[in-house]
Amino acid sequence: MCFFNAIIDPFEPTLQGDTSFLKSPGIGYRPQIDYTTDEIWFDEDSSSEKNKKLIKSFEDVLEPYGDFTDHAYRRSDCSDDNPINDFPCRLKEYNHKDFAPCNKAGHFGLTSGLAKCFLLRLNKIYGWKPADYKLSQLNDVDMPDKVRKIIDAANRRPPGEGKVRLIPLWCKGK
Numbered sequence: 257m258c259f260f261n262a263i264i265d266p267f268e269p270t271l272q273g274d275t276s277f278l279k280s281p282g283i284g285y286r287p288q289i290d291y292t293t294d295e296i297w298f299d300e301d302s303s304s305e306k307n308k309k310l311i312k313s314f315e316d317v318l319e320p321y322g323d324f325t326d327h328a329y330r331r332s333d334c335s336d337d338n339p340i341n342d343f344p345c346r347l348k349e350y351n352h353k354d355f356a357p358c359n360k361a362g363h364f365g366l367t368s369g370l371a372k373c374f375l376l377r378l379n380k381i382y383g384w385k386p387a388d389y390k391l392s393q394l395n396d397v398d399m400p401d402k403v404r405k406i407i408d409a410a411n412r413r414p415p416g417e418g419k420v421r422l423i424p425l426w427c428k429g430k
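In my numbering, the protein residues as written are 257 to 430.
See below:
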C-alpha cells in the first residue's frame, strides 16, 4: 500500500485529457429517480407521487445553494475553508425569478404543459480541452438546424468581441 501512495498524486489523477480512460466528459442530469434508466417519466397530474419525487430530487440537488425562491442570492463565504474552486462558491449571484418556471415556485416546470426543466452537469476530466466546431464541420455533423445556427453565429463574431466557447447539447425525446 505504501508503494501506491508514493506514486499516486493526491491532487490530480495520473491519466488526464487524451490519456484518460473516459476520453470525453459525461453529462449528468437531474432529476433522476430511477438510476437503472436514462428516461425521465412525469405525470400530467402535478400532485402525483412521481412528480413529488421529481420535485424532491430538484430540491435536494439545489439545497447547497440556499433557499431557491424568488430572491437574489449571493454567496459571500468563499474562504480557505470554502475555496473559490468549490462550485457553490463560484456561483456568485443569480435571481431565482430568472429561472421561472424552473424554480421551486414554478414546481420546476412539472406542472406547466411542455416546459419541463432539467439540470445538466458536465463532468470534469482533468486536462480535457473541448475542441471548437469549425464552420466547415457544421455540415458534417448530425445536429438540429437551430444548434447549427447558434454555433455559426458564435464563430462569426466580429474581431475584438472575444470568442464564444460553446459545448452544444441537444436532446431527443420519445
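Virtual Cβ for every residue (Gly too), placed ideally from N, Cα, C.
Quick caveat, the model's predicted, so the values are computed rather than measured.
Determine the direct distance from the alpha carbon of residue j to that of residue i, and round the result to whole angstroms.
i      : j      : result
Ile264 : Gln272 : 13 Å
Lys348 : Asp316 : Confidence at Lys348 is low in this model, with a pLDDT of 47, below 50, so its placement is unreliable and the value that follows should be read with caution. Straight-line Cα distance between these residues: approximately 20 Å.
Glu305 : Gly383 : 42 Å
Glu300 : Lys405 : 33 Å
Phe267 : Gly282 : 21 Å
Cys427 : Asn307 : 21 Å
Ala361 : Thr270 : 44 Å
Leu376 : Tyr291 : 16 Å
Ile407 : Leu422 : 7 Å
Asn359 : Lys312 : 12 Å
Leu378 : Pro320 : 18 Å
Lys402 : Asn411 : 15 Å
Leu425 : Met399 : 9 Å
Ile381 : Pro357 : 32 Å
Ser303 : Ile289 : 17 Å
Just verifying my parser: in three-state terms, what is the DSSP assignment at residue i?
i      : result
Ile283 : strand
Leu366 : coil
Leu378 : strand
Leu422 : coil
Leu318 : helix
Leu271 : coil
Lys360 : coil
Phe355 : helix
Ala387 : coil
Arg404 : helix
Ile289 : coil
Lys372 : coil
Ile311 : helix
Pro266 : coil
Is residue j closer than 9 Å to residue i when the C-beta atoms are compared?
i      : j      : result
Ile296 : Leu318 : no
Phe364 : Tyr285 : no
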